[in-house]
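Step one of this worksheet: look at the structure below.
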Ligand SMILES: Cc1cc2nc3c(=O)[nH]c(=O)nc-3n(C[C@H](O)[C@H](O)[C@H](O)COP(=O)(O)O)c2cc1C
């Protein structure tokens, strides 16, 4: 038996539930020589703001045990730059394109959403309300239920595209944040973004990152992400996209059993660009071995 991997998530048809995560795969062309994009379920592109944005000062990445801390600060070419330069390339490929968006104000989030409405080849918007590396916008919106509700509602009012808020991990009750997204019109939820983190050079006693702190990602955060996905799945019925430290099919399968309908590979793309493709193969093999005909049967299948 060859198991079926295709899914429809928030109205988006995908040939498999495996994506590449925002900020870890550029806009597509950067990886196209290494990875056949047509084999991926979706690409979530690096976060886009209304105008081009230069990000933080360097150094803005440091490797630590079990992962990396980054403080890129959402560098990007802006809406017009992205659509003009990258959408013609992405449209030529057979995969869903999810655009990760952010703003410094509520109005900016709404305006970015407006600009993407009707853009050919864009399948959904992922709303980043959880970046730990920018002073305005990003995480400042995702840390209270009230501002989370406002951003989701503001974006909902401006677009017919499916919207997918992306949650921060460092909140006291992830289920409450997931629920507020669902109640304000989200079609799905992505979780998690990186954890606020810091590294210090003990010789100079200075923070290694110019931004002082950044976001921890990679294998170190995976078990924490599994718990958060499990909790979020209990709180909502809309689909979840899980990410956090996936390096193998096992990690992805764990997320799906905990409650995710789809998964995204992030930091692992830097060390092994073929990780997402290996996850797809491993998932197919697992389903065949377990005699499961459709990947959806795995979702929320945890036995307690
Ligand atoms: C270098 C880097 C850049 C990132 N940029 C973004 C971004 O622009 N928008 C966003 O929502 N998440 C961004 N993220 C977070 C990832 O999409 C992901 O949520 C996080 O890294 C956890 O997954 P991982 O452990 O598999 O990397 C970035 C992560 C890294 C490592």
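Numbering (the numbering used here), first residue to last: 1325 to 1628.
We treat Cβ as the ideally placed atom computed from N, Cα and C, and that holds for glycine.
Do residue j and residue i count as a contact pair if the criterion is CB distance below 8 Å?
i	j	result
residue 1450	residue 1424	yes
residue 1587	residue 1579	yes
residue 1526	residue 1386	no
residue 1504	residue 1483	no
residue 1465	residue 1494	no
residue 1329	residue 1607	yes
residue 1541	residue 1591	yes
residue 1617	residue 1327	yes
Compute the Euclidean distance between the alpha carbons of residue i and residue j, then round it to the nearest angstrom.
i	j	result
residue 1468	residue 1612	43 Å
residue 1557	residue 1412	36 Å
residue 1486	residue 1422	9 Å
residue 1434	residue 1488	14 Å
residue 1499	residue 1555	6 Å
residue 1513	residue 1585	10 Å
residue 1506	residue 1517	18 Å
residue 1430	residue 1336	26 Å
residue 1358	residue 1524	34 Å
residue 1400	residue 1376	6 Å
residue 1410	residue 1447	14 Å
residue 1547	residue 1452	22 Å
residue 1515	residue 1354	24 Å
residue 1574	residue 1549	14 Å
Among the options, which residue has its Cα nearest to the Cα of residue i?
i	options	result
residue 1402	1391, 1369 and 1395	1369
residue 1344	1624, 1593, 1614 and 1396	1593
residue 1393	1376, 1535 and 1357	1535
residue 1577	1419, 1539, 1600 and 1477	1600
residue 1437	1455, 1400, 1475 and 1615	1475
residue 1623	1335, 1336, 1337 and 1341	1341
residue 1598	1348, 1327, 1338 and 1335	1348
residue 1384	1374, 1396 and 1376	1396
residue 1502	1455, 1553, 1549 and 1548	1553
residue 1346	1565, 1575, 1550 and 1582	1565
residue 1339	1626, 1605, 1628 and 1627	1605
residue 1432	1441, 1374 and 1382	1374
residue 1570	1442, 1603, 1496 and 1406	1603
residue 1627	1615, 1582 and 1610	1582
residue 1351	1407, 1379, 1380 and 1381	1407
residue 1440	1490, 1378 and 1404	1404
For my contact list, residue i and residue j are in at a C-beta cut-off of 8 Å; report their separation, rounded to the angstrom.
i	j	result
residue 1331	residue 1619	6 Å
residue 1390	residue 1492	19 Å between Cβ atoms; not a contact.
residue 1539	residue 1521	6 Å
residue 1414	residue 1364	Not quite, the Cβ-Cβ distance comes to about 11 Å (not below 8 Å), so this is no contact.
So what does DSSP say about residue i, is it helix, strand or coil?
i	result
residue 1541	strand
residue 1566	strand
residue 1412	helix
residue 1572	coil
residue 1477	helix
residue 1373	coil
residue 1555	helix
residue 1548	helix
residue 1402	helix
residue 1593	helix
residue 1602	helix
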